[in-house]
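Remarks on the structure that follows.
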Amino acid sequence: MSSEPPVILITGCSTGFGRSLAENSLARGLRVIATARRLSAIEDLRDKGAQVFTLNVDDTPQELKSFAEKAIGAFGQIDMLVNNAGWLLGGAIEEITPEEVKAQFDTNFFGVINVTNAFLPHFRSRKTGTIVNISSDASYLVLSGAAIYIASKAALDCITEIWAVELAPFNIRATSVNLGAFRTAVASSNTKPSTNTIDGYDIAHGWHKLFQERSGKELGNTDKGAAKLLDLVMMKTDKALPARFALGEDAVSLIKKCLNRRLAELEEWESFGMGTNVDGLKFEETEWCAFMSGVFHPLRIFAAIPLAFEYWNCDRLMEDILNVRQQGLRGWWLTQSPVILITGCSTGLGRCLAQNSLARGLHVIATARRSSAIEDLRDKGAQIFALDVTDTPQELNSFAEKAIGAFGQFDILVNNAGWILVGAIEENTPEQVKSQFDTNLFSVINITNAFLPHFRSRKTGTLVNISSAGSYVAVSGIGIYCTSKAAVECLTETWAHELAAFNIRAMSVTLGNFRTSIALPSSHKLPTKSIDGYDLAHQFDKMYHESSGKELGDPEKAAKKLLDVVMLKTDRPLPVRFTLGDDSVGLVRRSLKQRLAELDEWESFGTKLV
214 MSSEPPVILI TGCSTGFGRS LAENSLARGL RVIATARRLS AIEDLRDKGA QVFTLNVDDT
274 PQELKSFAEK AIGAFGQIDM LVNNAGWLLG GAIEEITPEE VKAQFDTNFF GVINVTNAFL
334 PHFRSRKTGT IVNISSDASY LVLSGAAIYI ASKAALDCIT EIWAVELAPF NIRATSVNLG
394 AFRTAVASSN TKPSTNTIDG YDIAHGWHKL FQERSGKELG NTDKGAAKLL DLVMMKTDKA
454 LPARFALGED AVSLIKKCLN RRLAELEEWE SFGMGTNVDG LKFEETEWCA FMSGVFHPLR
514 IFAAIPLAFE YWNCDRLMED ILNVRQQGLR GWWLTQSPVI LITGCSTGLG RCLAQNSLAR
574 GLHVIATARR SSAIEDLRDK GAQIFALDVT DTPQELNSFA EKAIGAFGQF DILVNNAGWI
634 LVGAIEENTP EQVKSQFDTN LFSVINITNA FLPHFRSRKT GTLVNISSAG SYVAVSGIGI
694 YCTSKAAVEC LTETWAHELA AFNIRAMSVT LGNFRTSIAL PSSHKLPTKS IDGYDLAHQF
754 DKMYHESSGK ELGDPEKAAK KLLDVVMLKT DRPLPVRFTL GDDSVGLVRR SLKQRLAELD
814 EWESFGTKLV
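Just so we're aligned: 309 in our numbering is position 96 of the sequence shown, and the numbers increase by one with no gaps anywhere.
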């Protein structure tokens with residue numbers, strides 16, 4: 214074993230947490246490679262002993278591979294990779310352009326994947342390495358005014374947890390760091406407001422203004438936070454590195470409240486979400502249960518970083534978020550014959566939803582890529598349209614006008630269309646990853662934004678986004694799919710908050726395993742390469758294909774349950790995250806309880822960082 218100190222590479226070292234990590238690493242005698250967009254911003258780190266490089270994490274995969282070769286050549290090896298570079302896009306979701314959304318994800322998510330993949334062959338060849346992805350406690354919160362940022366961080370948390378599982382056979386560790394509020398540049402020079410402004414989004418505009426006004430007044434000490442993170446990563450112990458590490462008192466408190474709120478919501482709506490199994494089947498008796506029991510990461514750490522604005526009270530913050538949503542929706546109920554629009558109706562849950570809606574007397578607008586696949590729904594009374602959900606925003610706006618014209622209005626939008634990219638994360642190409650997000654996330658934003666002016670003008674509407682239990686569970690073999698759904702759930706929660714002022718409801722549906730076409734090869738895209746050693750991912754893909762048609766859930770029962778919730782005539786607000794399926798309820802509950810237990814276990818490790 215080499216007696217040389219380990220080599221740490223850190224992106225985004227010009228200011229804030231990245232700079233503190235570089236300086237703390239140098240002080241501990243580590244060999245440091247510091248990067249930034251502008252070399253002039255980190256020249257002083259070279260004077261202190263670091264190797265410095267210019268790096269734009271948005272560069273092409275080919276450029277990043279060339280950079281990785283140069284970086285590895287600096288010391289002959291890399292031991293730790295810290296993906297720290299990032300920025301915050303401000304504004305309500307509807308105000309943000311598609312170009313701005315993708316730019317946020319290019320840096321905060323896709324850039325992390327591409328940089329990591331550039332170094333993974335080196336880590337795998339050495340059978341050692343540590344990946345640290347800097348995230349935020351905001352990935353758990355409802356922050357109107359920063360929704361795209363927190364969705365990118367929710368996706369980052371999810372993919373890091375999957376990396377921790379997939380890379381364990383290579384002795385490679387991975388952790389995401391859920392930061393609270395530090396005195397960094399994220400609230401000033403690293404924040405970009407949206408170019409658009411829409412009246413009525415007062416809570417988004419107020420939060421963004423407050424966020425910038427409090428810049429430099431946060432409680433978190435960046436140097437102490439960096440030191441604590443290095444303590445964790447350098448800790449000599451047989452204990453596994455956590456997949457999630459929250460650092461600071463505010464993050465511990467806020468994340469704990471968010472997890473407890475999700476558990477309470479799960480239990481409140483459990484009776485609606487259960488009872489969807491195919492007759493005679495139980496989750497505990499399936500091979501799927503045994504497999505899924507093995508993919509939960511053994512440990513997650515939550516430490517924390519101090520509260521963003523010192524006068525905020527954590528209890529009051531969570532109460533205000535809930536109260537605004539409830540008061541804005543109180544007294545809302547559907548007309549007797551509402552209009553429902555459903556994407557992805559050719560098969561599976563989308564088709565079952567369309568058929569069940571027709572049976573209940575709803576006016577149905579059914580869409581699919583090929584209208585020929587849903588002609589029979591026209592015969593049953595539906596209006597049908599061909600729709601590619603990845604069309605341009607301009608094309609989607611034109612479609613929205615036609616769809617609204619079919620009945621003169623519509624009341625419920627169900628974003629159901631989606632597909633699964635299989636394979637280990639390293640096996641998926643950048644083009645495949647972005648294609649997955651184009652359908653599963655970005656199209657949801659673009660379609661919703663196409664219809665929101667109609668909802669806002671009528672001061673009513675319901676938004677339903679179909680998600681998956683995979684957003685909670687580290688499923689090796691469909692990692693990119695899971696991360697896209699984690700982002701959808703996070704975004705939907707913010708929509709529920711932002712749109713309450715317009716009397717518009719929003720809910721994500723966390724589906725379990727149902728007998729739909731999602732497990733068929735026709736609903737999958739395969740990786741273009743296979744890498745030896747990713748046995749768990751390959752095993753999952755094989756089992757998933759073989760399980761098609763044998764899943765636990767009955768999609769007809771699921772469609773009925775979902776419509777029961779959406780059509781419920783009550784003052785009771787919709788659940789923001791509705792867990793649907795006996796297996797899904799069990800998996801989500803288990804995931805939330807594990808995170809809470811680990812949060813309690815590691816709380817003392819990451820506090821007192823003021």
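Virtual Cβ for every residue (Gly too), placed ideally from N, Cα, C.
In the DSSP assignment, H737 is bridged to I633.
Here A771 is buried. Its C-beta has 16 or more other C-beta atoms within 10 Å. Taking a cut-off of 8 Å for Cβ pairs, the region 705-712 and the region 375-391 do not touch, as fewer than three such pairs fall below it. When secondary structure is reduced to three states using DSSP, M487 falls in the coil class, being assigned neither helix nor strand.
Separation of H667 and E308 (C-alpha to C-alpha, rounded to the nearest whole angstrom) is 15 Å.
Under DSSP, G342 forms a beta bridge with I385. The shortest CA-to-CA distance from F280 to any of T329, S253, D767 and N237 is the one to T329.
Note that the C-beta distance between S407 and V345 is not below 9 Å. For M756, the enclosing alpha helix (DSSP H) begins and ends at D748 to E759.
In the structure shown, V220 falls within a strand segment according to DSSP collapsed to helix, strand and coil. Within a 10 Å sphere around the beta-carbon of N473 sit fewer than 16 other beta-carbons, which makes this residue exposed. Taking the CA atoms as reference points, N678 sits about 21 Å from S670. Of the residues E431, A368, C371 and Q807, the one whose Cα lies closest to the Cα of F395 is E431. For F266, the enclosing beta strand (DSSP E) stretches over residues Q264 to T267. The criterion of a C-beta distance shorter than 9 Å is satisfied by E769 and C565. Looking at the DSSP output, R790 sits in a beta bridge with S721. Within the same chain, and ignoring the five residues on either side of P740 in sequence, the residues whose Cβ sits closer than 6 Å to its Cβ are G636, E640 and N641. Taking 9 Å as the cut-off, the Cβ atoms of T397 and N403 count as close. In chain order, V220 and R244 place their CB closer than 7 Å to the CB of F288, counting only its own chain and leaving out the 5 sequence neighbours on each side. DSSP, read as helix, strand or coil, puts T696 in helix. Counting along the chain, G438 sits inside the alpha helix (DSSP H) bounded by residues T435 to M447. If you look at Q596, you'll find it in the beta strand (DSSP E) that goes Q596 to A599. T723 sits close to V801, with the two beta carbons spaced by under 9 Å.
Contact between the region 354-369 and the region 290-304 is established, with three or more Cβ pairs separated by less than 8 Å. Under the three-state reduction of DSSP, I578 is assigned to strand.
Annotation for F280: the continuous alpha helix (DSSP H) segment containing it runs P274 to F288. If only complete runs of 3 or more residues are kept, the region 309-373 shows the beta strand (DSSP E) at 342-349, in order along the chain.
Between R232 and Y353, the alpha-carbon positions lie close to 25 Å from each other.
The region 655-665 and the region 681-691 do not touch, with fewer than three beta-carbon pairs separated by less than 8 Å. Taking C-beta atoms as the reference points, S611 and R583 fail to come closer than 9 Å. T410 and N628 have their alpha carbons spaced roughly 25 Å apart.
As computed with DSSP, L626 is found in a beta bridge with L554 and L676. In this structure, the straight-line span from the alpha carbon of M720 to that of R251 is close to 42 Å. Here the region 591-605 makes contact with the region 571-578; the two share three or more CB pairs at distances below 8 Å. Per DSSP, the continuous alpha helix (DSSP H) segment holding I660 begins and ends at S656 to R671.
In the three-state reduction of the DSSP assignment, G242 falls in the coil class.
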